[in-house]
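Shown next, in structure tokens, is the structure this report addresses.
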Amino acid sequence: MPGSTSPGTIRNPDGWWRGASIYQVYLRSFADGNGDGTGDLAGLRARLPYLSELGVDAIWLNPWYPSPMADGGYDVADYRNIEPVFGTLAEAEKLIEEAHDLGIRTIVDVVPNHGSDQMVWFQEALEAGPGSEARERFWFRPGNGDGPPNGWKSIFGGPAWTQVPDGEWYLHLFAPEQPDFNWNNPAVREEFLDVLRFWFDRGVDGIRIDSAAVLVKDLDSVEESYTDHDGVHEIYREWRRIADDYGQRVLIGEVWLPDQERFALYLRPDEMHTAFNFAFLASPWEPDALRDVIDMTLATHVPIGAPATWVLSNHDVTRPATRFGRADTSFDHGDRKHGMPSDFELGTRRARAAALLAMALPGSVYVYQGEELGLWEVEDIPDDLREDPIWARSGHTDPGRDGCRVPLPWSGGEPPFGFSTGVPWLPQPAGWSTMTVEDQLADPESMLSLYRAALGIRRERLGDGVMAWLPLGDGVLAFTRDSGLICVVNLGSQPVRLPPHESILLTSGPLDGDLLPTDTTAWLSS
Ligand code: GLC
């Protein structure tokens, strides 16, 4: 049967990603198998049945390579191995195989913009000195007088240049421990093509491309000039040729670009297959804004035949249950609204409604670990335990992203909630005692039960395809899907009457008779 839905079956072998539900595993915080307080491959492998029962088609793992962890693993020291704290390459291969046995595909994160200052290439570059071939793999430059070559700033705060003892400076768009590669150098291009082959040979089904739009730079520009240069597309065309050689492998771009025309260029038929929808992720919980972003997304994707993606959270952004409970519900990297009061009950109601909206839209959907538990952003991590480099580099003004990276609560009434037998690398709030997986599995009204039910229905009748708006008035987002499912989201202030339907499949919260309350979504069968 096409699109068979029994667990253990790989669905939609052609363009499997087009309607997939993809679960993001932040390995450090998922499950710890050896008691050292950091999540690892043993922990993940033991919990694969959880993901299978949740009903996801694929997992995307954040970087799992050897790394000094200056930026949570996005400072990669060796692209062809596994961080020892996480496990071994043999275990990674087993994970890929065991996941496949459960019908789950594996996507790995490749970081092409920068490596780690501890990687062999960078150490060679330091050693070899100015003018050497080894330095040509990075951006080394003499200073401008006593200062750096130009005034570019790091995305994490502070200057984008660091000086080495012989006087030259090297560029790092992120932390100093993350030197940027020089993509004009053919050796860099070859290296990454080989890295892709390395992981495809090990059975991975896709690559998430980190910071995908900033690889090409114009250092002569006084202004920062690295975002979205035309030259970046040739790189992804080469990557696509490799992916196509293997077949059924997906390239997913992390492309933060407000300009939809420029964004669409990355999704041309010979480049990436899909990219994260950050416009949707950043949208405030307001009907007009959401409707516009949905229309804009489809207008961008449909003509070029690329599947849209729907993303509510990831390891870089504020947890939805917190964000949606604030007076300002939008997300902005530049202003993370730390400490802005949040009504968690309201935020949770909206996060539930938003989940059903995201999962009903045509395309693929991403679920970041803990989103399915409705976890809140942990804002009271003690300062001395904060690890995100944004915290130090902002001069301790921006606490950064640790608050959405706290280890998951699995079971029990107190930390470490079954995450580990040791001390978790970031402390978990005692208040998560009612939010554990164990607790939520026993409660049909829980966020986890909602996600499981929704992902199950999605498998049967949602995913890739088309939608059409149903006009139900201001404040209401309603649309039909090709499978006959109707999704109605009430973002207005008054309860609304449901449109004619045959049955109610799922709601994000209780109905009020046959009225749909504010901040509630219903899935109906027509
Ligand atoms: C991406 C990652 C983020 C990381 C940055 C630098 O934005 O998602 O976590 O810090 O790239 O690699």
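526 is the number that the UniProt record's numbering gives the last residue of the sequence shown; the numbers go up by one with no jumps.
For every residue, glycine included, the Cβ atom is placed at its ideal position computed from N, Cα and C.
What's the C-alpha gap between Leu516 and Ala212? Locating residue 516 in the sequence shown gives position 516, counting from the first residue. Locating residue 212 in the sequence shown gives position 212, counting from the first residue. Using only the alpha carbons, I get a separation of about 41 Å.
DSSP state of Lys217, grouped into three classes? For the purposes of this step, residue 217 is taken as residue 217 along the sequence shown, with counting starting at 1. Coil, per DSSP.
DSSP-derived helix/strand/coil call for Leu470: Your numbering for residue 470 matches position 470 in the sequence shown. Coil, per DSSP.
Limits of the unbroken beta strand (DSSP E) element including Leu477: Position 477 of the sequence shown, counting from 1, holds the residue named residue 477. Segment 476-481, the beta strand (DSSP E) holding Leu477.
Thinking C-alpha only, which one of Asp474, Arg458, Phe479, Asn150 is nearest Ala468? Position 468 of the sequence shown, counting from 1, holds the residue named residue 468. Of the candidates Asp474, Arg458, Phe479, Asn150, the one whose C-alpha sits nearest the C-alpha of Ala468 is Phe479.
Note down the Cα distance separating Arg189 from Val110, rounded to an integer number of angstroms. For the purposes of this step, residue 189 is identified with residue 189 of the sequence shown, where counting begins at 1. For the purposes of this step, residue 110 is identified with residue 110 of the sequence shown, where counting begins at 1. When rounded, the distance between both Cα atoms is 13 Å.
Using a Cβ-based criterion (distance less than 7 Å to any ligand heavy atom), does Phe174 qualify as near the ligand GLC? Residue 174 sits at position 174 when you count from the first residue of the sequence shown. Checking every heavy atom of the ligand GLC against the Cβ of Phe174, one is found closer than 7 Å.
With DSSP collapsed to three states, give me the class of Pro399. Translated into positions along the sequence shown, residue 399 becomes position 399. In the structure shown, Pro399 sits in coil (DSSP, three-state: anything other than H, G, I, E or B).
Confirm the yes/no value for this check: CB of Ser211, any heavy atom of the ligand GLC, distance under 7 Å. Mapped onto the sequence shown, residue 211 falls at position 211. It does: the Cβ of Ser211 is within 7 Å (strictly closer) of some heavy atom of the ligand GLC.
By DSSP, does Pro429 sit in helix, in strand, or in coil? In the sequence shown, counting from the first residue as 1, residue 429 sits at position 429. Coil, per DSSP.
Buried or exposed (CB count within 10 angstroms, at least 16 for buried), Pro2: The residue you call residue 2 lines up with position 2 of the sequence shown. Unreliable placement is indicated for Pro2, whose pLDDT of 35 sits below 50; the coordinate value is still reported in the next sentence. Classification of Pro2: exposed, given that the 10 Å Cβ count is below 16.
Please name the residue or residues paired with Leu485 in a DSSP beta bridge. Position 485 of the sequence shown, counting from 1, holds the residue named residue 485. The partner list for Leu485 (beta bridge, DSSP) reads Ser525.
What span of residues does the alpha helix (DSSP H) with residue 528 cover, start to end? The structure shown does not extend to residue 528, since the chain spans only 1 to 526, so no value can be given for it.
So, do the stretch 49-66 and the stretch 168-177 have three or more beta carbon pairs nearer to each other than 8 Å? no
DSSP three-state label for Asn503, please. In the sequence shown, counting from the first residue as 1, residue 503 sits at position 503. In the sequence as presented, Asn is not what sits at residue 503; that position holds Ser. Here Ser503 sits in strand by DSSP.
In chain order, what residues of the same chain have a beta carbon less than 6 Å from the beta carbon of Trp16, not counting five sequence neighbours either side? Within the sequence shown, the letter at position 16 stands for residue 16. Excluding residues within five positions, none has a Cβ falling inside 6 Å.
Between the beta-carbon of Arg401 and the beta-carbon of Asp316, is there less than 8 Å? Here the question's residue 401 lines up with position 401 in the sequence shown. Here the question's residue 316 lines up with position 316 in the sequence shown. Yes.
Ignoring anything shorter than 4 residues or poking outside the stretch 166-199, list the alpha helix (DSSP H) runs there in chain order. none
Okay, do the stretch 215-231 and the stretch 138-157 touch, 3+ Cβ pairs below 8 Å being the bar? yes
With Asp244 as the anchor, note down where its alpha helix (DSSP H) starts and where it stops. Your numbering for residue 244 matches position 244 in the sequence shown. Taken as a continuous stretch (DSSP letters only), the alpha helix (DSSP H) holding Asp244 covers 232-246.
Residues that Arg141 bridges to, as DSSP identifies them: Taking the first residue of the sequence shown as 1, we reach residue 141 at position 141. Trp169, per the DSSP bridge assignment.
To the nearest angstrom, how far is the alpha carbon of residue 548 from that of Arg386? Missing from the structure shown is residue 548; the chain here goes from 1 to 526 and no further.
Glu271: buried (16+ other C-beta within 10 angstroms of its C-beta) or exposed? Here residue 271 refers to the residue found at position 271 when the sequence shown is read from its first residue. The residue in question, Glu271, is buried, as its Cβ has 16 or more Cβ neighbours within 10 Å.
Buried or exposed (CB count within 10 angstroms, at least 16 for buried), Gln260: Within the sequence shown, the letter at position 260 stands for residue 260. That one is exposed.
Determine, using beta-carbon pairs with one atom in the stretch 446-453 and one in the stretch 363-377, whether at least three such pairs fall under 8 Å. yes
Kindly list the residues whose CB is nearer than 7 Å to the CB of Phe417, restricted to its own chain and excluding five residues on each side of it in sequence; keep chain order. Counting from one through the sequence shown, the residue named residue 417 turns up at place 417. Excluding sequence neighbours, Phe417 sits near Pro409, Trp410, Ser411, Gln428, Trp432, Thr436.
Rounded to the nearest angstrom, how far is the Cβ of Ser525 from that of Ser503, given a contact under 8 Å? In the sequence shown, counting from the first residue as 1, residue 525 sits at position 525. In the sequence shown, counting from the first residue as 1, residue 503 sits at position 503. Right, the Cβ-Cβ distance comes to about 5 Å (below 8 Å), so this counts as a contact.
If you draw a straight line from the C-alpha of Glu93 to the C-alpha of Pro495, how long is it? Translated into positions along the sequence shown, residue 93 becomes position 93. Translated into positions along the sequence shown, residue 495 becomes position 495. Distance between the alpha carbons of Glu93 and Pro495: 51 Å.
Span of the alpha helix (DSSP H), counted from its first residue to its last, around Asp439: Numbered from its first residue, the sequence shown carries residue 439 at position 439. Taken as a continuous stretch (DSSP letters only), the alpha helix (DSSP H) holding Asp439 covers 437-441.
Would you please verify whether the beta carbon of Val216 is less than 8 Å from any beta carbon of chain B? Any reference to chain B falls outside this structure, which holds one protein chain only.
Pull up the DSSP beta-bridge partners for Tyr366, would you. Stepping through the sequence shown from its first residue, residue 366 is reached at position 366. DSSP output for Tyr366 lists Ile22, Val311 as bridge partner(s).
Spatial distance of Ser67 from Pro510 (CA atoms): As a position in the sequence shown, residue 67 is number 67, starting the count at 1. As a position in the sequence shown, residue 510 is number 510, starting the count at 1. Distance between the alpha carbons of Ser67 and Pro510 is about 47 Å.
Could you check whether the Cβ of Asp383 sits closer than 7 Å to any heavy atom belonging to the ligand GLC? Taking the sequence shown and counting its residues from 1, the one referred to as residue 383 is at position 383. Not so, every heavy atom of the ligand GLC lies at least 7 Å from the Cβ.
Using DSSP's beta-bridge definition, name the partner residues of Asp109. The sequence position of residue 109 within the sequence shown is 109, counting from 1. Asp109 is bridged to Arg208.
Buried versus exposed call for Gly413 [16 or more other C-beta atoms within 10 Å across all chains shown]: Along the sequence shown, one-based indexing puts residue 413 at 413. Exposed: under 16 other Cβ atoms inside 10 Å.
Taking Glu177 as the reference, give the member of Leu193, Pro159, Ile22 with the closest Cα. For the purposes of this step, residue 177 is taken as the residue at position 177 of the sequence shown. If we check each option's Cα against that of Glu177, Pro159 comes out closest.
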